[in-house]
Amino acid sequence: MSSHNSAGTLSRRSLLAGAGAAAVSVFLDRRAVLTRMQETQVQLPADLRQALPGMMEIAGVPAFSMATVEGEGIATLGVGLTTSDGTPVNPETVFEAASLGKPVFAWLVLLLAAEGVLDLDRPLHQYLPLPYPDDESARTLTARHLLSHSSGWRNWRNTPRDSLTADREPGKRFTYSGEGFYFLSRVLAKLSGMGIVQLTRERIFVPLGMERSSYIWLPTLDGNRAEPHTSRGMKGESYNARTGRMVYEAARAAGKNLDAWTHEEGLRLLQSRNADVPALPNFMAPNVAGSLMTTARDYALFLRHILGAEGREILRRMTEPQVRLNAALEWGLGVGLQTDNGRTRFWHWGDNFGFKNFLIGEPDRRTALVIFTNGQNGRAIYERIVRAMWGDQKAFLWI
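First residue of the sequence shown: 1403, per the numbering used here; consecutive thereafter.
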């Protein structure tokens, strides 16, 4: 999820950063790290390659995994450890994508819109009742508003006292809202007749060969999965893994297929299992705004597809400016946009507790880069890598 939460509320990350941490610091074996880096395909600049192990130790970031796309080619690199006492990371290591799950879901929405399943500009209350039907301004909300974060909705409700109302007129200003994406996933589930787990698997993950990707924890992802770490390199707990496991076990106990898991069942489960966690979307799984688990290689398969001939038209729609952030940045449908020297680039960041991630792509050159880290200070690492390979990014000043 984004860190743009309303002030004074209890966020999901704040629930986890303290209670889930074990007092184990991360100290990387620099020689082992350099050896693993030599065995991979992505070629980092030599000076950065030498400096990264020390940077990661200082930042308390145990690992990063990354992939680049150039045309049809994919190169990958995994560096570090899944935990301070864990196994080496590789391109098949599962990370929490956090908000990097939003562009994947946005692409699916646009795919279904192209197929006529929904209209991007039709008021959403005509598909699904709004959470607060008395909010008159929200009655004009559309999928376009939610994908472009111009709905006026806040990012998340984090306490039962919070209401989900449009604080601004829809379509006028950028207001980052993960809960808007969550509501849109409910609309898609209703229109498709599928649970969001099944819909994303059948329309995205299976066709693209993303075999280690899911919007909810699965037992098959645990064999090689990175754990989150605090800013001081102490191992924490993955909320998405814990919540996803709870949902998985509840579905099995009820003899229910996880594919058909619904929002209403998620609410009932949270209310019955954990009185300390509000029964609100920010704390639920699956959650297209922040619960995607994936690998660098899998995510690169998605990026290669949307940059290629088959995905080009939908990517063109994703990268059409919808709302301006400031003098340098705009937002499209699911991605941020910036223009440098006449070239448009799309980007997004991911920010869950202990997982800091970034992607950037350039449609005209059919190139992209994605980086996942498993440390609270991971942004310090991914920014240095992106700068070394793509130059400085205006988005870094805004995130």
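Heads up, the beta-carbon is just placed ideally off N, CA and C, and yes, glycines get one too.
Contact set for residue i: own chain, Cβ-Cβ below 7 angstroms, skip 5 residues either direction
{"i": "leucine 1530", "result": "Arg1588, Val1589, Lys1592"}
{"i": "leucine 1717", "result": "Ile1708, Leu1709, Pro1765"}
{"i": "arginine 1647", "result": "Trp1619"}
{"i": "threonine 1721", "result": "Gly1734, Val1737, Leu1739, Thr1746, Phe1748, Pro1765"}
{"i": "valine 1471", "result": "Ala1702, Leu1705, Arg1706, Leu1709, Thr1769, Ala1770"}
{"i": "arginine 1675", "result": "Met1648"}
Strand pairing of residue i, partner residues [DSSP]
{"i": "phenylalanine 1760", "result": "Trp1751, Ile1773"}
{"i": "tryptophan 1555", "result": "DSSP output for tryptophan 1555 lists no bridge partner at all."}
{"i": "alanine 1477", "result": "Thr1470"}
{"i": "phenylalanine 1497", "result": "Thr1696"}
{"i": "glutamate 1732", "result": "Arg1726, Leu1739"}
{"i": "lysine 1637", "result": "His1631"}
{"i": "arginine 1670", "result": "In the DSSP output, where bridge partners are listed per residue, arginine 1670 has none listed."}
{"i": "serine 1539", "result": "Looking at the DSSP assignment, serine 1539 forms no beta bridge with any residue, so it has no partner."}
{"i": "glycine 1657", "result": "The partner list for glycine 1657 (beta bridge, DSSP) is empty, contrary to what the question assumes."}
{"i": "proline 1490", "result": "Leu1483"}
Cβ pair residue i, residue j closer than 7 angstroms
{"i": "phenylalanine 1757", "j": "asparagine 1728", "result": "no"}
{"i": "alanine 1469", "j": "valine 1737", "result": "no"}
{"i": "alanine 1477", "j": "glutamine 1443", "result": "yes"}
{"i": "leucine 1731", "j": "tryptophan 1663", "result": "no"}
{"i": "alanine 1691", "j": "phenylalanine 1497", "result": "no"}
{"i": "tyrosine 1584", "j": "proline 1683", "result": "yes"}
{"i": "leucine 1671", "j": "alanine 1656", "result": "no"}
{"i": "lysine 1658", "j": "serine 1486", "result": "no"}
Through-space distance from residue j to residue i, alpha-carbon basis
{"i": "tryptophan 1792", "j": "arginine 1714", "result": "22 angstroms"}
{"i": "phenylalanine 1755", "j": "phenylalanine 1685", "result": "13 angstroms"}
{"i": "threonine 1632", "j": "valine 1519", "result": "42 angstroms"}
{"i": "glutamate 1759", "j": "phenylalanine 1704", "result": "Sequence inspection shows asparagine at residue 1759; the glutamate mentioned does not correspond to that position. One C-alpha to the other measures close to 16 angstroms."}
{"i": "glutamate 1474", "j": "glycine 1462", "result": "34 angstroms"}
{"i": "arginine 1451", "j": "proline 1525", "result": "50 angstroms"}
{"i": "glycine 1503", "j": "leucine 1694", "result": "5 angstroms"}
{"i": "methionine 1458", "j": "arginine 1786", "result": "11 angstroms"}
{"i": "valine 1679", "j": "glutamine 1724", "result": "35 angstroms"}
{"i": "alanine 1423", "j": "tyrosine 1641", "result": "For alanine 1423, the predicted model reports a pLDDT of 36, less than 50, meaning its position is unreliable and no value from the coordinates is stated."}
{"i": "leucine 1446", "j": "valine 1481", "result": "12 angstroms"}
{"i": "leucine 1548", "j": "alanine 1448", "result": "42 angstroms"}
{"i": "leucine 1483", "j": "proline 1630", "result": "11 angstroms"}
{"i": "arginine 1789", "j": "arginine 1768", "result": "19 angstroms"}
{"i": "glutamine 1528", "j": "lysine 1796", "result": "38 angstroms"}
{"i": "leucine 1532", "j": "threonine 1542", "result": "11 angstroms"}
{"i": "arginine 1546", "j": "glycine 1488", "result": "43 angstroms"}
{"i": "glutamate 1712", "j": "glutamate 1517", "result": "14 angstroms"}
{"i": "glycine 1635", "j": "serine 1615", "result": "26 angstroms"}
{"i": "aspartate 1624", "j": "phenylalanine 1774", "result": "17 angstroms"}
{"i": "glutamate 1494", "j": "leucine 1601", "result": "23 angstroms"}
{"i": "glycine 1595", "j": "aspartate 1521", "result": "17 angstroms"}
{"i": "leucine 1479", "j": "tyrosine 1534", "result": "46 angstroms"}
{"i": "leucine 1510", "j": "methionine 1612", "result": "14 angstroms"}
{"i": "glutamine 1778", "j": "leucine 1761", "result": "17 angstroms"}
6 angstroms Cβ shell around residue i - same chain, five flanking residues per side excluded
{"i": "glutamate 1667", "result": "none"}
{"i": "glycine 1554", "result": "Ala1568, Asp1569, Arg1570, Pro1572, Thr1577"}
{"i": "proline 1688", "result": "Ile1598, Val1599, Tyr1617, Ile1618"}
{"i": "glycine 1752", "result": "Ala1499, Ala1500, Ser1501, Leu1502, Asn1759"}
{"i": "serine 1673", "result": "In the sequence as displayed, the identity of residue 1673 is glutamine instead of serine. Excluding sequence neighbours, glutamine 1673 sits near Ala1681."}
{"i": "arginine 1654", "result": "none"}
{"i": "glycine 1780", "result": "Val1463, Lys1758"}
Residues near residue i by beta carbon distance below 8 angstroms, same chain, minus five either side
{"i": "tyrosine 1650", "result": "Ile1618, Trp1619, Leu1620, Pro1621, Leu1660"}
{"i": "leucine 1513", "result": "Arg1605, Ile1716"}
{"i": "serine 1539", "result": "Gly1554, Thr1567, Ala1568, Glu1571, Pro1572"}
Sufficient close CB pairs (3 or more, under 8 angstroms) joining the segment 1606 to 1624 to the segment 1693 to 1708: yes
Given 8 angstroms, three or more beta-carbon pairs between the segment 1731 to 1749 and the segment 1559 to 1569: no
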